[in-house]
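Worksheet for the structure shown next.
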Amino acid sequence: MRVMVCGKGGSGKTVISILLARAFREKGYRPYIIDMDESNELLPVLAGAEKPRTLADYFGGRRGVMQALRDGEDRLVKAIGEISKRTFKVSEIERPYISYTDDGIGILVVGKIRELGEGCACPLNIFTRTLLKNLKLDDREVIIVDTDAGVEHVGRGVEEYADAIIAVADPTRESINIVKNLKKVADKLGKRFYIIVNKVPKEIENTVRELFQKEGLTPDIVIPYDEKIFQSCLLGSKLESSVAYENVKKLVDKMLSEVTSRCVS
Numbered sequence: 006m007r008v009m010v011c012g013k014g015g016s017g018k019t020v021i022s023i024l025l026a027r028a029f030r031e032k033g034y035r036p037y038i039i040d041m042d043e044s045n046e047l048l049p050v051l052a053g054a055e056k057p058r059t060l061a062d063y064f065g066g067r068r069g070v071m072q073a074l075r076d077g078e079d080r081l082v083k084a085i086g087e088i089s090k091r092t093f094k095v096s097e098i099e100r101p102y103i104s105y106t107d108d109g110i111g112i113l114v115v116g117k118i119r120e121l122g123e124g125c126a127c128p129l130n131i132f133t134r135t136l137l138k139n140l141k142l143d144d145r146e147v148i149i150v151d152t153d154a155g156v157e158h159v160g161r162g163v164e165e166y167a168d169a170i171i172a173v174a175d176p177t178r179e180s181i182n183i184v185k186n187l188k189k190v191a192d193k194l195g196k197r198f199y200i201i202v203n204k205v206p207k208e209i210e211n212t213v214r215e216l217f218q219k220e221g222l223t224p225d226i227v228i229p230y231d232e233k234i235f236q237s238c239l240l241g242s243k244l245e246s247s248v249a250y251e252n253v254k255k256l257v258d259k260m261l262s263e264v265t266s267r268c269v270s
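6 is the number of the first residue of the sequence shown in the numbering used here; add one for each residue after it.
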């Protein structure tokens, strides 16, 4: 299963990606998180893993990826095969391009923009699309993609090779608008679509639900403010959670149930 985690900047995509991976792991799956956010550096730290080398480093950085794209998709595909022992199984990608948490969650990082004038993230988005298209998964493997903020990845067609799209929103009008756009994309592609509304103060939960409903959107879970997550993100330490994780586990149960029912039908 390939799952895209999308939404506006600051909505909590990275935190949700990690909690999803932990919930899938608890269910006996082997999850891998692909970090395609070109700016946020904290995913491996919050997950509790060493920082792997970026996949873009294989090409010498973002500019190398851009040159590979100019040479054609075949060169990217060949390189993905080289990184993963000339197969396209994510489980065979070797260190230093992958790291693992103590409980076996794999962490991959597409690339980061760190230098003045280095250019836009477009090549990294296209590289992620190629990666998702070509990586082969075993039955109990799950790829969770922590996307960059907003909807640029939509313009690059990354969602085309996902099985499900999760829109993470915070209680803002901007988030609602982005979720509406993501739902249109999911509907057009025929992808399963889920909505998480994150960091919602209890006193406005009903108002938030009503605003989403007015736009034809039904949140699958609404997550209240989680003090442990706030502290982890502030300190830059391994992610701890209480109420948020319990809510995310319910969503994973729903996702797996729908997968099972589709297979049976």
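Using N, Cα and C, we set each Cβ at its ideal position, and we do this for glycine too.
Alpha carbon of residue i to alpha carbon of residue j, nearest angstrom
| i | j | result |
| --- | --- | --- |
| LYS255 | VAL202 | 14 Å |
| TYR34 | ASP151 | 18 Å |
| THR212 | LEU194 | 30 Å |
| VAL272 | VAL173 | Within the shown structure, residues of the chain are numbered from 6 to 270, placing residue 272 beyond reach of any answer. |
| GLU146 | TYR37 | 8 Å |
| LYS207 | PRO229 | 6 Å |
| ASN252 | LEU216 | 21 Å |
| LEU60 | THR177 | 34 Å |
| VAL114 | MET41 | 6 Å |
| LEU51 | GLY241 | 7 Å |
| ILE226 | ASP168 | 19 Å |
| THR106 | GLU99 | 15 Å |
| VAL205 | ASP231 | 9 Å |
| PHE64 | LYS56 | 18 Å |
| GLN236 | LYS196 | 34 Å |
| ASP144 | GLU210 | 37 Å |
| ASP62 | ALA28 | 30 Å |
| GLU164 | TYR199 | 14 Å |
| VAL20 | ASN130 | 20 Å |
Own chain residues within Cβ distance below 6 Å of residue i, not counting five before or after
| i | result |
| --- | --- |
| TYR250 | LEU24 |
| ARG58 | PRO101 and TYR102 |
| LYS18 | VAL10, GLY12, ASP151 and VAL173 |
| LYS243 | GLY53 |
| ASP175 | SER16, ASN203 and LYS204 |
Beta-carbon contacts of residue i that lie in its chain and below 8 Å, excluding the five residues immediately before and after
| i | result |
| --- | --- |
| LEU142 | MET6, ARG7, LYS94, VAL95 and ILE148 |
| GLY109 | ARG30 and ARG35 |
| LEU261 | LYS32 |
Under the three-state DSSP convention, the category residue i falls into
| i | result |
| --- | --- |
| ASN252 | helix |
| VAL98 | The sequence shown places Ile at residue 98, rather than the Val named in the question. Three-state result, ILE98: coil. |
| SER237 | helix |
| LEU137 | helix |
| ASN186 | helix |
| SER104 | strand |
| HIS130 | The amino acid occupying residue 130 in the given sequence is Asn; His does not appear at that position. Correct three-state label for ASN130: helix. |
| ILE209 | helix |
| GLU245 | coil |
| ALA174 | strand |
| LYS204 | strand |
| TYR63 | helix |
| TYR37 | strand |
| ASP192 | helix |
| ALA5 | The requested residue 5 is not part of the displayed model; the chain covers only 6 to 270. |
| GLU146 | strand |
| MET260 | helix |
| TYR166 | helix |
Other residues of its chain near residue i: CB distance less than 7 Å, five sequence neighbours each side excluded
| i | result |
| --- | --- |
| VAL257 | LEU25, ALA28, PHE29 and LYS32 |
| LYS138 | TYR166 |
### Query
Counting pairs of beta carbons, one from the segment 45-53 and one from the segment 163-183, are three or more of them closer than 8 Å?
no
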